[in-house]
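**Student:**
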Amino acid sequence: MELRNIKTIGIAGGGTMGFGLAINFALWGYPTTIYDLDDQILAKTIQRVKKALDMFATEDLISRRRSEETFERIAFTSDIENLADADFITEAIVERLFDKQELFNHLDKICKSQTIIASNTSTLRMGDIAEGVKRQDKVVLTHYFTPPHIVPGVEVAKGPGTTDETFNLTYDLLKNVRKTPVRVLKDFIIPELPGYLLNTMQRALEGAAYRLWAEGVASAEDIDLGIKASFGFRNPHEGPFMHADFSAHFKWPADVQDRQVKRTLAMPGLSEEARERLRKRFADGVGTWFIDPNKFEEAEEMRDRQYARRLKELYWGKLD
Numbered sequence: 099m100e101l102r103n104i105k106t107i108g109i110a111g112g113g114t115m116g117f118g119l120a121i122n123f124a125l126w127g128y129p130t131t132i133y134d135l136d137d138q139i140l141a142k143t144i145q146r147v148k149k150a151l152d153m154f155a156t157e158d159l160i161s162r163r164r165s166e167e168t169f170e171r172i173a174f175t176s177d178i179e180n181l182a183d184a185d186f187i188t189e190a191i192v193e194r195l196f197d198k199q200e201l202f203n204h205l206d207k208i209c210k211s212q213t214i215i216a217s218n219t220s221t222l223r224m225g226d227i228a229e230g231v232k233r234q235d236k237v238v239l240t241h242y243f244t245p246p247h248i249v250p251g252v253e254v255a256k257g258p259g260t261t262d263e264t265f266n267l268t269y270d271l272l273k274n275v276r277k278t279p280v281r282v283l284k285d286f287i288i289p290e291l292p293g294y295l296l297n298t299m300q301r302a303l304e305g306a307a308y309r310l311w312a313e314g315v316a317s318a319e320d321i322d323l324g325i326k327a328s329f330g331f332r333n334p335h336e337g338p339f340m341h342a343d344f345s346a347h348f349k350w351p352a353d354v355q356d357r358q359v360k361r362t363l364a365m366p367g368l369s370e371e372a373r374e375r376l377r378k379r380f381a382d383g384v385g386t387w388f389i390d391p392n393k394f395e396e397a398e399e400m401r402d403r404q405y406a407r408r409l410k411e412l413y414w415g416k417l418d
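If you're matching positions, the sequence shown starts at 99 in the working numbering and goes up one per residue.
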C-alpha cells in the first residue's frame, strides 16, 4: 500500500487522546471516524473536538472556515463495525493489555486486509498487544503526547512482525498531517521506567525532580521554574546530543569529563553491548554529533537567534 491509498482514518477510543487524534487527521483532509462504545464519552468527545477547533481558530492557527470543514469530516459512532472500511486505524483506549488485545483481535477480523492498525500505548509492548492478530505485518506503534492535537512529536515503533513498508508508510502519513514522527528502532522498555523512547527520558527527569523536592533541595515551584527557564528554554532548539555539540566546543577540565564518563558507564541496567558502545565513543573522543566544528560560529549564531526570539516571546517582549 502507498500513502495515496490511505483515504479514511479510524480512531478507537474517544477519551483523553482520541478526540485529538481525530483532529490531527481531519484537519488535513482525511475523513475520520471516532468509535467509542460509551455514548456518554462520545457526547463529551464531540464537545471536546468543537472546543479544540474553536481554540485553534481563536488563536489564529486556522480559519473559521477550516475549523468548520474539519469538524464536518469527523463522524462519531458507538458501533465498531463502522471502522471496518478505514485504511488506517489508531487505538487510544484504556492502558490495559487485555482490553487492547481484545480490540486488536476484533479489528483484525472486521477490517480490510490492507488496513494498518496502530496503538497509542505508552507502556505496553506492541508484540504483546498484537499477539493474537493475523496481520502481524500491519501493526505499528504511534505514541502521541498530550495534548495530541497540539504536541507535534509522535513515536513510531515496530512490533515483532511489522514490515518496513508499514513502518515507513506510517511515518509518511504522520509527516503528511504535519506531525514530527520519531523513529524508535527497538522494542525497548526499561522495567523501572516503563515507556518507549521519550517517556523513558521524561520519567528519569521526573524521578530526579521528585527526589530533589523530597530531599528539600528546592520547592516544587522553583524546580518547575528552573527547568522552564534553563534547559527547558533551550529544548525547542536543541536536545541532549546537540547540547553536547555546543558543550564540546569548550575545554572542560579532564577530571570533570572523567566523572561524566564514569557516571554514564555506571548507569544501572545498562547492557554490556551498550556499555561497550559508549566506552568506544568516549575513547575516540566525544567529538560532535551534528555540528561541523569548522562551522561552529555559524551554528552558534543561528542558535542564539532562535533563543532571542523565544526570549522576546516568553519573557521580555520588545524593549525600547
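Glycine residues also receive a C-beta, built at the ideal position from the N, C-alpha and C atoms.
(1) To the nearest angstrom, report how far apart T213 and E100 are at their CA atoms.
(2) Please report the straight-line C-alpha distance between G251 and R163, rounded to a whole angstrom.
(3) Helix, strand or coil for F243 per DSSP?
(4) Just to confirm, is the Cβ distance from N180 to T131 under 9 Å?
(5) Which of helix, strand or coil does DSSP assign to T213?
(6) Leaving out five residues on either side along the sequence, give the residues of the same chain with a beta carbon under 6 Å from the beta carbon of D343.
(7) Any contact between the segment 219-238 and the segment 251-261? By contact I mean 3 or more CB pairs, one from each, below 8 Å.
(8) For V231 versus V254, is the C-beta spacing smaller than 9 Å?
(9) Mind reading off the beta-carbon distance from L119 to A190? Whole number of angstroms is fine, and I expect it under 8 Å.
(10) Counting Cβ pairs, one atom from each stretch, are 3 or more of them under 8 Å apart for the segment 294-301 and the segment 140-158?
(11) Compute the beta-carbon to beta-carbon distance between I144 and F174, rounded to the nearest angstrom, for a pair I have assumed lies under 8 Å.
(12) So, for R401: in the same chain, excluding its five sequence neighbours on each side, which residues have a beta-carbon less than 8 Å away from its beta-carbon?
(13) Where does A110 sit, in a helix, a strand or coil, going by DSSP?
(14) My output table needs one value for V198: the three-state DSSP class, helix, strand or coil.
(15) Classify S220: buried if its beta carbon has 16 or more other beta carbons within 10 angstroms, exposed otherwise.
(16) Of the choices A141, M365, A397, R377, whose alpha-carbon is the least far from that of S176?
(17) Given this structure, state the Cα-to-Cα distance separating G116 from G108, to the nearest angstrom.
(18) Measure how close the beta-carbons of L363 and R377 come, nearest whole angstrom, since I'm counting them as under 8 Å.
(19) Looking at L205: is its Cβ nearer than 9 Å to the Cβ of I104?
(20) Just list the residues that DSSP pairs Y133 with in beta bridges.
(21) Between H247 and L125, is the Cβ-Cβ spacing less than 9 Å?
(22) Measure the C-alpha to C-alpha separation of I172 and I178 and round it to an integer number of angstroms.
(23) Which of the three DSSP states, helix, strand or coil, is assigned to E253?
(24) Indicate whether K326 and D285 have their beta-carbon atoms separated by less than 9 Å.
(25) Please report the residue range of the beta strand (DSSP E) in which E193 lies.
(26) Between L159 and S217, what straight-line distance do the alpha-carbon atoms span, to the nearest angstrom?
(27) Per DSSP, what kind of secondary structure is I160 in: helix, strand or coil?
(28) What is the rounded straight-line gap between the Cα of G111 and the Cα of E193?
**Tutor:** So, from the listed chains and residues:
(1) Walking along the sequence shown from the start, residue 213 turns up at place 115. Walking along the sequence shown from the start, residue 100 turns up at place 2. Roughly 12 Å between the two C-alpha positions.
(2) Within the sequence shown, the letter at position 153 stands for residue 251. Within the sequence shown, the letter at position 65 stands for residue 163. Their Cα atoms are separated by approximately 26 Å.
(3) Position 145 of the sequence shown holds residue 243. Coil.
(4) Taking the first residue of the sequence shown as position 1, residue 180 is located at position 82. Taking the first residue of the sequence shown as position 1, residue 131 is located at position 33. A contact, by the Cβ cut-off of 9 Å.
(5) Within the sequence shown, the letter at position 115 stands for residue 213. In the structure shown, T213 sits in coil (DSSP, three-state: anything other than H, G, I, E or B).
(6) Reading the sequence shown from its first residue, position 245 is the one you call residue 343. Hits under 6 Å: T386, W387, F388, I389.
(7) yes
(8) Against the sequence shown, residue 231 aligns to sequence position 133. Against the sequence shown, residue 254 aligns to sequence position 156. No.
(9) Mapped onto the sequence shown, residue 119 falls at position 21. Mapped onto the sequence shown, residue 190 falls at position 92. That pair is a contact at about 6 Å.
(10) no
(11) The residue labelled residue 144 in the question sits at position 46 within the sequence shown. The residue labelled residue 174 in the question sits at position 76 within the sequence shown. About 6 Å; that satisfies the 8 Å criterion.
(12) Position 303 of the sequence shown, counting from 1, holds the residue named residue 401. Excluding residues within five positions, the ones whose Cβ falls inside 8 Å are H335, E336, F344.
(13) Numbered from its first residue, the sequence shown carries residue 110 at position 12. Looking at A110 - three-state DSSP - the assignment turns out to be strand.
(14) As a working note, residue 198 is residue 100 in the sequence shown. The sequence as given places Lys at residue 198; Val does not occur at that position. Correct three-state label for K198: helix.
(15) Taking the sequence shown and counting its residues from 1, the one referred to as residue 220 is at position 122. Burial call: buried.
(16) As a working mapping, residue 176 is identified with position 78 in the sequence shown. Out of A141, M365, A397, R377, A141 has the C-alpha closest to the C-alpha of S176.
(17) Stepping through the sequence shown from its first residue, residue 116 is reached at position 18. Stepping through the sequence shown from its first residue, residue 108 is reached at position 10. G116 and G108: Cα-Cα distance of roughly 10 Å.
(18) Numbered from 1 along the sequence shown, position 265 holds the residue referred to as residue 363. Numbered from 1 along the sequence shown, position 279 holds the residue referred to as residue 377. So it is a contact: roughly 6 Å between Cβ atoms.
(19) By 1-based counting over the sequence shown, the position of residue 205 is 107. By 1-based counting over the sequence shown, the position of residue 104 is 6. Against a cut-off of 9 Å, the Cβ pair of I104 and L205 comes out as no contact.
(20) Here the question's residue 133 lines up with position 35 in the sequence shown. Note: Y133 sits in a beta bridge opposite A110, T175.
(21) For the purposes of this step, residue 247 is identified with residue 149 of the sequence shown, where counting begins at 1. For the purposes of this step, residue 125 is identified with residue 27 of the sequence shown, where counting begins at 1. Yes, the Cβ-Cβ distance between H247 and L125 is below 9 Å.
(22) Translated into the one-based positions of the sequence shown, residue 172 becomes position 74. Translated into the one-based positions of the sequence shown, residue 178 becomes position 80. Each residue's Cα considered, the two are about 15 Å apart.
(23) By one-based count along the sequence shown, residue 253 stands at place 155. E253: strand per DSSP, three-state reduction.
(24) The residue given as residue 326 occupies position 228 in the sequence shown. The residue given as residue 285 occupies position 187 in the sequence shown. Going by C-beta atoms, K326 is not nearer than 9 Å to D285.
(25) As a position in the sequence shown, residue 193 is number 95, starting the count at 1. It is not in any beta strand (DSSP E) - E193 carries neither H nor E in the DSSP assignment.
(26) Counting from one through the sequence shown, the residue named residue 159 turns up at place 61. Counting from one through the sequence shown, the residue named residue 217 turns up at place 119. The alpha-carbon atoms of L159 and S217 are separated by roughly 28 Å.
(27) For the purposes of this step, residue 160 is taken as residue 62 along the sequence shown, with counting starting at 1. I160 falls in the coil class under three-state DSSP.
(28) Taking the sequence shown and counting its residues from 1, one reaches residue 111 at position 13. Taking the sequence shown and counting its residues from 1, one reaches residue 193 at position 95. Approximately 11 Å, taken between the alpha carbons.
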